[in-house]
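A short worksheet on the structure shown next.
Chains as they are written, first to last, in this note's numbering: chain A, 1 to 354; chain B, 1001 to 1354; chain C, 2001 to 2354; chain D, 3001 to 3354.
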């Protein structure tokens, strides 16, 4: 093909105009916006105090009816830096859900995966693919991608929990699928807490179960197990940044509980003060117990039980626990999204703890 | 904690206002925008004819100087449905690069991975981590994430190639890192085409090389190998949708060449007409040889050598080849991004070929 | 090369003689010995009653001195069908070890991996690579391949345990390596029961520990955990052949605890009677608690606590528990050796339980 | 249980006698036979000259009839150090097979896997699971575990090849299964050389084939590809011990072609002399072309085309090529058997090449 440059394009402005007409742009004009030395995340560090969220949630319990209109009574934690993206971070979204006595949140399924972390109440359940999972405070319950699930409250008090989903990530990949179930409730075809009773001891598995790669065999992680593991770990090892910290894992693989959502828990000993670090993962914290302070890129969050707060990617952050009692944090993060692509990076600030 | 709903929030409007103040939103107001039955991709099917892109690229060769200002002389294919996102699809970006005799595109590295598919010219090279990879028309050359790379043209003619990168995906994860190299060129410490000579036969590997998981051992895939493989495959098997189609793989794992970018090639036999299908992966096509037609969700693209066009996720599409000669397509797709999360889905239209 | 058959070899006998001289043999003469329709194992089903083994072991405690001569006071269970092969099965060997108060079994390491299952006593330990693992009855303690290990008894009573090793398998591969340690004891550089405290909850792992493929992160499996897991499992699921049965797994991978030795435990409910099955794995059983009967290829073993017995590959066998109390079995098997090669096969006898 | 040592066992001899009666033995009496510092392999280094084997094989062609009696006309290379174990090494067996014009070696399958390396002739085939694989000199053809296979010779000359199987290893695990096929020949249901045409380019795979873990997708490896790969590799890298050496791999995994048998090929440049090393793998060499010398633990083998020789585990060995022409070796080894268990070990003799 002979060299025939475009006619009538005699200068850069003409070039840019001609390019735009063809849906082209010159890299040298935009490269600095796209390729910068370090991440410049749009999401912000932010803090949702439970003292303000809980009353609003309860009011929503009075004003909004599950049967008419709302499938789920949920307030979503929207990061102010991500308008229109419906995310608490750019990959994950957290929310508070309330279900009142006798209510049922009807059955559906979707490509986004979800977790619940029980905040208040007892006597409610999630049914996941025919298995009724009973909820106790602090428990983690999974509803993996495309599993049928519904919630119900058989107690006489309100039930409050934290929802965590990978909706922003699945949306960014344009792979949202959603199916309603023909009935309000799906049939329960397995013993109550079936997976908990089969797989609770992660270092022992039923001999007839060949480990499955992808699926999550264990749907419920009891808080009592998590708290015990954190205390045992704290006796022998602490991270300088995170205190005692355990990752919830899929007992069949040793990997993350869900392919897209990392779940972890931290114990910060009373009076403990961590050293700053930063990493490319984005994080949502939920305070299970205790009081403390987290400083994110110079911004200080004093947190109390029930609070949520976020840390953006590549932002320096440090935790400290109040002196009176140990603190327990539940943690949602997107490490499993970054890890397959070699995009996890971490940096610790040199020198002694501040 | 006693039940104390928020004071003064007596109706839904007051609830929404109070929520907004706390950076909360009611899921039942936004759920329909977020969770819909099927993907509603923002990106559009689009077609960039080489007959228009090439002259503009050559003019850019006259107007833009690599040494002053532009590190790379590149025109980016911007999808009209993704303003401000610098993507050809929501995850991948393609571009045309021109390098003139004697020019050097200086050394740098970045978290986004890149591939080149050589369109025109011979006698240029990419150096990747000390290995000089010579370019021949149709060759695929990889520069994996965070590998130092520079390009040079030692021939006496212009060199044109297709760039493919995962920039939109890496940006959406807020993990862009970029490093310039202290010098224009990095030292060449290995024999020319080292990896090609070591790993070209993918079913035989040097005995002393233990297969590495992540890294891409083979940097250059010669077009002559690809064309031969396509012809051999076409003798024994054709896809009803894609004709003969081969995926470029990492010979150490059998998996995708790069963790984020799928590269493939298709041979559509002369006169062949495929049946429609759709999948959740997004695709960028580049025509290596031949003429044909692709219909994407009712929109018809008649393509010729050098053209690029895209297919959005979950869009029905079908290919046909002109009767005179076989056509060869090079294909960039984001299957490797979707696969780890169970988000790959495909659907074939039932019935005979249209 | 022209066809020149061997001179002077005029009949089959001459051919066989000439072949033998060249260290050749005719396959058609030996094929029936080598390739038969089903396995013909050399090992035998066999039963070692604790009522006879224990007194002999205690006598050995009086007659044999750990400091002079014997590194380990161990009686090996030799399968009568495997003379000269030092195995309880063709791949695994079990033995009884006694260590008296104040004694030390000095430090060494070897390619064969080992496990201990504590039978009697409390207050002894195994130190593995600097970690002191305290022994309680029923505990499983691992000493993976090539880990330094020594045993000591700091109590005032005798300590008895079951040893299990892969010596016959490692010998069959001609890969026995053995190193003595310069001192009797290795230094203890970690907290007591370090790995137990870090990794006991298999579904939660320290966040800073990236899962390691091969190594065994958890060295001690407490019997109390195993018994609890078996009881929980028995509430929801039983194998028709094995009652409740759990496999000890590496919490970092969900796979077998050791690459060569499968460890499992069974609960046979009181009065329960299993159905016959057979498989290519060979098995060594050790009775932790309870009484029962196992019939192996028509041979009946009535077992009591402390007994050991074996089941050869591809032998029909069925278990039954006495009516008065649940029985607990500890199980050693070679499934992990067979699995990588696709050599696991299992068959259940059709029809109702006998 | 009270301490009650065995009555009447008053000295060591009485202890040993009582133990023997119970099928027990004292470890301290046998440990030195079992656990030694380094491997003491039973197999011997050995050499089978083609000049002697071939005439005998041809005579067998005259004396032995495939239709009456022998299913396969095969002379097995029996290691003199392994009487009764039917092995060339303790894990692998090699043999020479002859099939005359018009003959058919009938269809069967078995758990042992097999490979063929074609020595002489053209125009014969192996059919594996419905795929007819045509044989050319130097080709490697696989018959994985439990695949139906039969051989036929449609040429007018004798066909000679090397068989390699994992029979000794599968026997040592007591997992031999063998099935005859109802007919002499199985139906051919795929195009000739189907897998070769689909998978020959190991770095490109049909897009619709999801990589399968275990199975061997590619059944035929053409010698021309192997020789080319060895020559390209020799241009850029040589092992000090093995010259240019490539491992045949499963293109879907990058791992060994078969789970139990490692296949490799070496090019020793004319006049090249390697340095000694040793490893725990056992090896069978077959000379494809050229002349040279291998010294194994002081024993010298001068080899010529068609010869076979073995190297036992942990034996120092060194290769040298005659000065006139490059030599090509085909190599069978048991690395894939050792690797899953961490039992691979290698040691290079320090200092310059001898």
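Heads up, the beta-carbon is just placed ideally off N, CA and C, and yes, glycines get one too.
Check                                                                                                                           : Outcome
Residues within the segment 1106-1120 of chain B neighbouring chain D, beta-carbon criterion of under 7 Å                       : none
Straight-line Cα distance separating residue 2282(C) from residue 1210(B)                                                       : 33 Å
Interface residues of the segment 1222-1248 of chain B facing chain A [CB-CB below 9 Å]                                         : none
C-beta contact flag for residue 2196(C) and residue 2218(C) at 9 Å                                                              : yes
Rounded C-alpha distance that separates residue 352(A) from residue 3344(D)                                                     : Below a pLDDT of 50, predicted positions are generally treated as unreliable, and residue 352(A), at 49, falls in that range; the measurement from the model is reported next regardless. Straight-line Cα distance between these residues: approximately 43 Å.
Helix, strand or coil at residue 3007(D) according to DSSP, with G and I counted as helix                                       : coil
Residues of the segment 3267-3291 of chain D with Cβ closer than 8 Å to any Cβ of chain B, in chain order                       : none
Enclosing alpha helix (DSSP H) for residue 2228(C) [first to last residue]                                                      : 2223-2236
Unbroken alpha helix (DSSP H) run spanning residue 1018(B), endpoints                                                           : 1012-1021
Chain-ordered chain C contacts of residue 251(A) [CB-CB under 8 Å]                                                              : 2202, 2203, 2249, 2251 and 2254
Beta bridge counterpart(s) of residue 164(A) as assigned by DSSP                                                                : 94(A) and 115(A)
Contact set between the segment 3018-3035 of chain D and chain C, restricted to residues whose Cβ is under 8 Å from the partner : 3018, 3019, 3022, 3023, 3024, 3025, 3026, 3027, 3028, 3030, 3031, 3033, 3034 and 3035
Of the residues 2317(C), 2154(C), 2182(C) and 2122(C), the one placed nearest residue 2148(C), counting alpha carbons only      : 2182(C)
Sheet register partners of residue 1048(B) (DSSP bridge)                                                                        : 1308(B)
Three-way DSSP call (helix, strand, coil) for residue 3275(D) in this model                                                     : coil
Contacting residues, own chain, Cβ-Cβ under 7 Å from residue 3100(D) (five flanking each side not counted)                      : 3061, 3153 and 3158
Residue 3378(D) vs residue 3319(D) beta-carbon contact at 9 Å                                                                   : The requested residue 3378(D) is not part of the displayed model; chain D covers only 3001 to 3354.
Nearest to residue 2339(C) (by Cα), restricted to the options 2280(C), 2293(C) and 2316(C)                                      : 2280(C)
Any C-beta of chain A under 9 Å from that of residue 1150(B)                                                                    : no
Boundaries (first-last residue) of the alpha helix (DSSP H) holding residue 2261(C)                                             : No alpha helix (DSSP H) holds residue 2261(C); DSSP gives it neither H nor E.
Residues that residue 80(A) contacts on chain B, provided the C-beta gap is smaller than 9 Å                                    : 1023
Through-space distance from residue 3102(D) to residue 3187(D), alpha-carbon basis                                              : 18 Å
Close Cβ partners of residue 2250(C) (< 6 Å) along its chain, the five nearest in sequence each way excluded                    : 2216 and 2257
Residue 3085(D) vs residue 2176(C) beta-carbon contact at 9 Å                                                                   : no
Minimum length 3: unbroken beta strand (DSSP E) runs contained in the segment 1024-1088 of chain B                              : 1024-1026 and 1074-1077
Proximity below 9 Å, CB of residue 1989(C) to CB of residue 2269(C)                                                             : No information on residue 1989(C) is available, as it lies outside the stretch 2001 to 2354 that chain C covers here.
Enclosing beta strand (DSSP E) for residue 2335(C) [first to last residue]                                                      : That residue, residue 2335(C), is in no beta strand (DSSP E); its alpha helix (DSSP H) goes 2335-2338.
C-beta neighbour in chain D for residue 2337(C), strict 9 Å                                                                     : yes
Through-space distance from residue 112(A) to residue 1292(B), alpha-carbon basis                                               : 38 Å
Test: residue 3218(D) CB closer than 9 Å to a CB of chain B                                                                     : yes
Residue from 2058(C), 2008(C) and 2246(C) with nearest C-alpha to residue 3005(D)                                               : 2058(C)
Members of the segment 1305-1333 of chain B near chain A, C-beta cut-off 7 Å                                                    : 1313
Under the three-state DSSP convention, the category residue 1178(B) falls into                                                  : strand
Counted within 10 angstroms of its Cβ, other Cβ atoms place residue 1051(B) as buried (16 or more) or exposed                   : exposed
Residue 3332(D) to residue 3089(D) span [Cα, whole Å]                                                                           : 10 Å
Run of the beta strand (DSSP E) containing residue 1210(B), from where it starts to where it stops                              : No beta strand (DSSP E) contains residue 1210(B), which DSSP labels as neither H nor E.
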